[in-house]
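Asks: In our numbering, the protein residues as written are 148 to 565. Pasting a structure here, questions to come.
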Ligand code: HEM
């Protein structure tokens with residue numbers, strides 16, 4: 148059975164930015180996979196795809212499903228005041244995740260080499276040292292919001308340092324990144340949104356200035372590599388393309404991984420028997436990370452646009468329509484995972500998850516995210532004995548159509564005798 152935009156079906160009850168789906172979208176997704184796996188949601192103006200098989204079918208055909216609106220489809224249109232501010236900055240150019248071949252491949256080639264598993268493994272000591280310093284800064288306190296003090300600053304520092312941005316700037320990046328998120332969601336008081344849009348311009352200017360600086364005097368960092376590789380391309384990418392691409396790498400490089408680290412710790416603390424297994428065999432940590440990626444799916448959904456009339460899961464979707472691919476739902480699909488709602492660090496079918504996507508847009512940062520989360524769990528479990536959740540009101544969730552993660556994680560531990 149299918150519903151069209153004219154027929155209200157299950158889809159009109161879909162509201163991922165509002166309680167209770169904001170806190171837990173999974174009961175709704177389970178029902179959708181059973182009753183109406185591809186449905187139209189009039190509020191967002193998108194077709195939502197919930198089954199693993201259908202999502203993989205879309206990802207396999209970038210020629211029929213364009214990525215150009217992958218972030219913006221379904222997002223509310225911005226007030227004219229905000230558009231005016233943004234027009235003062237670099238024009239929004241498709242870059243990586245919101246681009247199609249051949250331009251996508253050309254830009255991806257500029258950064259992908261820096262993020263291979265081998266290149267990333269060389270960063271292990273550096274990441275471990277930073278994670279250790281963050282723990283040194285809180286271990287005596289006995290309690291903390293671990294999201295704010297550890298899960299977010301660690302990946303923000305790491306991605307900034309890979310690019311060649313000084314550690315002293317990571318706080319500013321956090322603010323700018325929050326600003327960008329808020330502008331993408333486009334909700335909230337107008338005055339605040341204007342300030343946030345100005346934050347986005349500051350970020351653009353900062354990146355452009357850093358690129359210009361590397362052009363004049365190259366260093367041993369990714370920004371310099373990008374500048375020299377870009378100059379070798381014919382025609383070379385514009386400054387607007389490079390700025391857009393680096394904003395995506397910066398943003399994707401920490402908001403997602405912060406969600407994974409916090410989510411992995413929270414899952415382990417909610418499942419004492421799984422925590423016990425990991426503590427008694429730390430060799431299980433990489434598997435725990437992978438299962439946490441599946442369960443949390445920090446990139447909750449991305450969009451595609453039908454380039455032609457298509458039929459998906461028996462539903463006819465017209466050319467030009469937007470599809471929202473619910474990765475979070477695919478990763479709990481009963482057809483692919485045994486007892487999908489269960490957190491199980493020994494899960495045999497975990498490799499079926501598509502939390503990092505699939506196909507030409509497969510996440511370039513997957514090796515980095517996995518490494519950071521592994522180091523984070525290793526150090527937190529070693530250095531914060533008796534780690535436990537503090538009774539706290541709901542941690543709150545980021546209001547974003549793309550990223551789903553908690554906003555705080557209140558924990559306590561036994562202060563080690565010094
Ligand atoms: C747990 C952490 C992460 C998750 C769950 C995640 C998830 C994803 C997903 C699902 C996609 C595909 C989007 C699509 O098909 O439309 C993607 C693409 C991407 N990710 Fe990640 N990501 C994570 C961490 C990172 C990190 C650390 C970086 C830093 C470099 C990164 C950079 C990117 C980029 C640049 C793309 C676009 C690739 C392209 O379009 O060719 N991600 N990510």
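Ideal Cβ placement from N, Cα and C applies to all residues, glycine included.
How long is the line joining the alpha carbons of residue 538 and residue 421, rounded to whole angstroms?
Replies: 20 Å
Asks: Starting from residue 187, follow the beta strand (DSSP E) in both directions and report where the run begins and ends.
Replies: 185-188
Asks: Output yes or no for whether 9 Å exceeds the beta carbon distance between residue 391 and residue 239.
Replies: yes
Asks: Looking at the strands, I want to know which residues DSSP matches up with residue 559.
Replies: 290, 535
Asks: Near residue 403, which residues of its chain fall below 7 Å by C-beta distance, leaving aside the five closest residues on each side in sequence?
Replies: 445, 446, 516, 550
Asks: Run through DSSP, which three-state label would residue 509 get?
Replies: Coil, per DSSP.
Asks: For the beta strand (DSSP E) holding residue 452, just list the boundary residues, first then last.
Replies: 449-453
Asks: Relative to the alpha-carbon of residue 290, which residue among 463, 417, 531 has its alpha-carbon at the smallest distance?
Replies: 531
Asks: Let's see if you can read the secondary structure: which residues bound the alpha helix (DSSP H) around residue 440?
Replies: 432-443
Asks: Should residue 469 be listed as close to ligand 1, given that the test is whether its C-beta is under 8 Å from any heavy atom?
Replies: Between ligand 1 and the CB of residue 469, the shortest heavy atom gap is not smaller than 8 Å.
Asks: Taking buried to mean at least 16 other C-beta atoms within 10 Å of its own C-beta, is residue 335 buried or exposed?
Replies: exposed
Asks: Residue 165 lies in the alpha helix (DSSP H); which residues open and close that run?
Replies: Note, residue 165: premise wrong, no alpha helix (DSSP H); not H, not E.
Asks: Select from 393, 553, 379, 469 the residue whose C-alpha is nearest the C-alpha of residue 237.
Replies: In terms of CA proximity to residue 237, 393 leads the group 393, 553, 379, 469.
Asks: Please name the residue, chosen from 294, 424, 350, that lies closest to residue 490 on a Cα-to-Cα basis.
Replies: 424
Asks: Hey, how far is the Cα of residue 432 from the Cα of residue 456?
Replies: 45 Å
Asks: Give the list of continuous alpha helix (DSSP H) stretches no shorter than 4 residues that lie fully inside the stretch 328-384.
Replies: 337-363, 369-379
Asks: Looking only at its chain, what residues have a beta carbon closer than 7 Å to the beta carbon of residue 337, apart from the 5 residues adjacent to it on each side?
Replies: 226, 228
Asks: Could you tell me which of 181, 191, 179 sits nearest to residue 165, measuring between CA atoms?
Replies: 191
Asks: Say the cut is 8 Å; is the CB of residue 519 nearer than that to a heavy atom of ligand 1?
Replies: yes
Asks: Is the separation between the beta-carbon of residue 342 and that of residue 326 shorter than 9 Å?
Replies: yes
Asks: Report the three-state DSSP secondary structure of residue 273 (helix, strand or coil).
Replies: helix
Asks: Determine the closest residue to residue 524 out of 451, 428, 466, with distance taken between C-alpha atoms.
Replies: 428
Asks: Would you give the residue range spanned by the beta strand (DSSP E) that residue 196 belongs to?
Replies: 193-196
Asks: If we ignore side chains and look at the alpha-carbon of each, how far apart do residue 320 and residue 396 end up?
Replies: 12 Å
Asks: Would you call the stretch 194-204 in contact with the stretch 472-489, where contact means no fewer than 3 C-beta pairs closer than 8 Å?
Replies: yes
Asks: Quick check on residue 564: buried or exposed, where buried means 16 or more other Cβ atoms within 10 Å of its Cβ?
Replies: exposed
Asks: Identify whether residue 242 lies in helix, strand or coil by the three-state DSSP scheme.
Replies: coil
Asks: Using a threshold of 8 Å, is the CB atom of residue 328 nearer than that to any non-hydrogen atom of ligand 1?
Replies: It does not: the Cβ of residue 328 is nowhere closer than 8 Å to a heavy atom of ligand 1.
Asks: Assign residue 446 to one of three DSSP states: helix, strand, or coil.
Replies: strand
Asks: Is the number of C-beta pairs between the stretch 287-307 and the stretch 403-418 that are closer than 8 Å three or more?
Replies: yes
Asks: Run through DSSP, which three-state label would residue 522 get?
Replies: helix
Asks: How would you call residue 540, buried or exposed, if buried means at least 16 neighbouring beta carbons within 10 angstroms?
Replies: exposed
Asks: Please report the straight-line C-alpha distance between residue 483 and residue 172, rounded to a whole angstrom.
Replies: 19 Å
Asks: Is DSSP giving residue 548 helix, strand or coil here?
Replies: Residue 548: coil per DSSP, three-state reduction.
Asks: Check whether the stretch 350-370 touches the stretch 200-219, counting contact only when three or more Cβ pairs, one atom from each stretch, lie closer than 8 Å.
Replies: Contact between the stretch 350-370 and the stretch 200-219 is absent, because fewer than three Cβ pairs lie under 8 Å.
Asks: Give me whichever residues DSSP pairs with residue 472 in a beta bridge.
Replies: 196, 449
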